[in-house]
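Residue numbers (the working numbering), protein chains in the order written: chain W, 2 to 551; chain A, 2 to 551.
In this text, a Cβ means the ideal position worked out from N, Cα and C, and glycines have one as well.
First comes the structure, then the notes that go with it.
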């Protein structure tokens, strides 16, 4: 493990609870403590929501990025090691063993632990947990569970610093990122990753080919299995929880991209395509895939089989290149599973709405229902600067159909590198997409938050409405722009309609009126209406006459 | 007509072309000139896109808001009047008459004029065009045509001025609003509307009950058919093109809302519910509906039958109150059509994704396929401050299923009044939703713009990419934040990956390599691959062996 460089200025990390919430824990068996974000309401009630933010939002926790987070899972990992050998969550699940990680996840999801175990056992869910990343709070990715969101962070050759990257992770998880991918290129890749891993409460994913390419001076032709393998081992040792491997970009697939509108848009995909063509050999990721499985199994690192040939435009969606690669990923899924290695499958990209369902159907059919992990997809290409929206549309639809994790897209996609605000907006847009899908899939707990917020809205409990929202700070700020005075937060109207036209006030009047006249329930009111209806019928049931002569 | 008050400061109106575009016109029969926005490309080509912005983006036009826009349709209207009596587009279409408005629309949509006439004739499309609003450029709303977007503008008791409202209309149509609704309440309703109508190139909608309520001092109980009728006539005379009428809020429907989480959230709906309950009489909008039809027919004003009982939360979606009202709207649709009055049906609101399709199915079944015009819907309640996104998700899905026009939602929804930036963001989000649905519905011209933008992106034609996007200014600004230097705009890489990792550069290299080696087409490359494939088969077809020994 790299010793973190103390000579640098200590980075500024965002800490403290989200407005209106505090950290709480749900107690489980064997001393398990599962974090939740507890939203207090003015009614005296509270609502617990899923919490990805780690100790950073816990007022009672001491944050020291140089020391890293506590190694929550260390005893569980040690106990497994004592039993002997490397054991993955998949191997345990198949053997009928319920791990502490599974128990933790079941409490977190509010479901039965047997659902967790059985879904992991059949490969329809994964728990990405490198045994060298004991700081992580276990989470599950699978279609039967809450839809998850990944945020990409990472420097590039052009901008950024290590300190900024660590806080990007903290910032992204604060707003709801379930995992982060460190896509750093350029200098200090190893050290950046070390800082992120030691401080990350969520699983961290990488694309090892990026670092491997750095090691050979940036020339894809110079890549080799050996240098790639060494990079993977290095990253496994550090604690990376899942790795994108573009092993489905085969030599024979490359020509299928020649007539595309946007060719190959995946970095990893284009690197491997370049290697295959230059050497006229099959991809070393494919030919050495079994060895790769053995390395990942040793750490319980999860494969995220990359879609190096994903479409980069509406025109290229669901084309031969994309689907040929997906078939290959399915083949590799079964190879990995046979070795007890957990697998996710990455998906597009850019897909018009009517072609989205087919992506999920084919992925499930060909890849044995391995969790699908898609980048959007963008439902149209025509709105750069708004691709968090174009892709939140596609993401909602694909998650409704069964995608288990959504990789976020920020407003800067295609244009530049996201800053702090972009990361937040991207995560919020994707929490919206994920939650919309949870509702559409009928997740048993999803609608509780909608109902709580809507009830607060209807009752003019402004503070509760802010606190229940995905972004309390912005909701409050927008409200205050029009009606900044404190009394406005208790006003029984809002700035949209003003006091006279407030429909909610009128509805309240309607209810009061109904109560005053003894019409206290739907049944009573309907009975009264039935009487009137009889009068109406007796009067000839003429539709355009008033129901009563008055 | 009100004389526009000259004593006020002349409002600042946004004029000039959108970056990279200029106003052009397509010539049609009989001297028709249909506006388009012509996007010039660096390749020497251009792309014409649908243009809602009127003369304000025309450099050759003189804009004088005090004089208003030229009365484009005046001779057509005069010619119809000469034939005798009030004639609606629906009556003409049914009689087999092709109006100049229909010809204009057909050119604008790039379709056959017979499709326009026949869709209007069967009531599946409307052309909202009050004969007293001759300044408007005809447009069509129907599921067989491009999906349209409405932007709401209007002051309130709390903020705003008339000048701001006119520019909001100009601003909203600049970014792509196909119609605007003037939802003004408070003072100066009549004068505000006059300014907007005389300067609006798009149809203007209103909700007359708001002004009627002002006239009776804001007390719903004091409303009467007579005062409402007079308000409708006043607005018809001014030139309002379509009117929201909440005639489906019946006395017997009100109790169905009593146990809702969010009661009645429509202003118009709650006003009528209050009136019905207070008087214990059926809604005067319902009992006088035929008279209302006769008034609207006289001006060819289109009904937008309002969903006063739309759900205000996920919990209330598709409930008995909503569907009972929808059935009534269906009944009224047929009454209006029998009188040659054009009809749209307004829809929700807040609906989880899995309940969206049913809304369209029932609307089409019960309302004779009248164009559906929905407010979003929001796919979740939990993200105030981001409801342009929560609702763009629902809007895309409902438009894919057949909704013809989408009423935008801004980030300030539920929180405050939208400012200029909010209006723009709301319109752009909804242009994204509409276009995503056009793609998903297979609209024959929709994908041209996606393909043009994606090709520009792939070829690093940065300026073309900006100009083809829905918001060139923001796309350029985001790019320049990371790479402001002018050479970056011609660079064959971008800030996301830097020069070494640029997948598009690598793809170009792949293509160059293929060409160098004589592999100039998919067929040639595949033939080469087939040869290798034969070698592979001869070698035993072992999957994990390199295809070639080198």
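Between residue 118(W) and residue 140(W), the gap from beta carbon to beta carbon reaches 7 Å or more. For residue 214(A), the enclosing alpha helix (DSSP H) covers residues 209–216. Any Cβ of chain W closer than 7 Å to the Cβ of residue 182(A) would place that residue at the interface, and such an atom is absent. For residue 170(W), no chain A residue has a Cβ inside 9 Å of its Cβ, as the nearest lies near 19 Å away.
Listed by position along chain A, the residues whose Cβ is nearer than 9 Å to that of residue 409(W) form an empty set, because the closest Cβ is around 13 Å away. For residue 354(W), a Cβ of chain A is located within less than 7 Å of the residue's own Cβ.
The closest CA to that of residue 125(A), considering only 472(A), 410(A), 42(A) and 366(A), is found on 366(A). For residue 200(A), the three-state secondary structure derived from DSSP is helix. One Cα belongs to residue 196(A), the other to residue 388(W), and the distance between them is close to 36 Å. If you look at residue 268(A), you'll find it in the alpha helix (DSSP H) that goes 268–280.
Between residue 306(A) and residue 333(A), the CB-CB gap stays under 7 Å. Within the region 293–333 of chain W, the beta strand (DSSP E) runs of at least 3 residues that lie entirely inside it are, in chain order, 303–306. Using a Cβ-Cβ cut-off of 7 Å, residue 303(W) does not count as an interface residue toward chain A, since no Cβ of chain A sits closer than that to its own. Around the beta carbon of residue 225(A), fewer than 16 other beta carbons lie within 10 angstroms, which makes this residue exposed. Taking a contact as a CB-CB distance under 8 Å, the pair residue 351(W) and residue 378(W) counts as one, their CB atoms being some 6 Å apart. Apart from sequence neighbours up to five positions away, the residues of its chain that approach residue 325(W) with a beta-carbon distance below 7 Å are 254 and 257, ordered along the chain.
Inside the region 328–373 of chain A, DSSP marks whole alpha helix (DSSP H) runs of 4 or more residues at positions 357–367, from first to last along the chain. For residue 16(W), no Cβ of chain A is located within less than 7 Å of the residue's own Cβ. Per DSSP, the continuous beta strand (DSSP E) segment holding residue 183(W) begins and ends at 180–183. DSSP, reduced to helix, strand and coil, places residue 452(A) within a helical segment of the structure shown.
Ranked by Cα distance from residue 129(A), the options 81(A), 409(A) and 298(A) are led by 298(A).
Taken through DSSP and simplified to helix, strand or coil, residue 445(A) comes out as coil.
Between residue 148(A) and the set 176(A), 234(A), 437(A) and 49(A), the nearest pair of CA atoms involves 437(A). 380, 381, 382, 383, 384, 385, 386 and 387: these are the residues of the region 374–387 of chain A whose beta carbon lies less than 8 Å from some beta carbon of chain W, given in chain order. Interface residue (Cβ-Cβ distance to chain W less than 7 Å): residue 480(A) is classified as such. Chain order gives no chain W residues near residue 27(A), where near means a beta carbon separation below 9 Å; the closest approach is about 21 Å. Contact with chain A is absent for residue 62(W), since none of that chain's Cβ atoms lies less than 7 Å from the residue's Cβ. Going by DSSP, residue 51(A) is part of the beta strand (DSSP E) stretching over 47–51.
Using a 10 angstroms sphere on the CB of residue 36(W), the tally of other CB atoms reaches 16 or more, which defines it as buried. Excluding five sequence positions before and after residue 404(A), the CB atoms of its chain that fall closer than 6 Å to its own CB belong to 373 and 375, given in chain order. Secondary structure of residue 98(A) (DSSP, three-state): coil. About 17 Å separates the Cβ atoms of residue 199(A) and residue 54(A), ruling out a contact at the 8 Å cut-off.
Here residue 237(W) is near residue 302(W), since their CB atoms are less than 7 Å apart. For residue 476(A), the C-beta contacts it makes with chain W under 8 Å involve 385, 386 and 416, in order along the chain. Cβ contact annotation for residue 353(A) (same chain, cutoff 8 Å, sequence separation greater than five): 315, 318, 380 and 381, in chain order. For the 7 Å CB-CB criterion, residue 294(W) and residue 337(W) form a contact.
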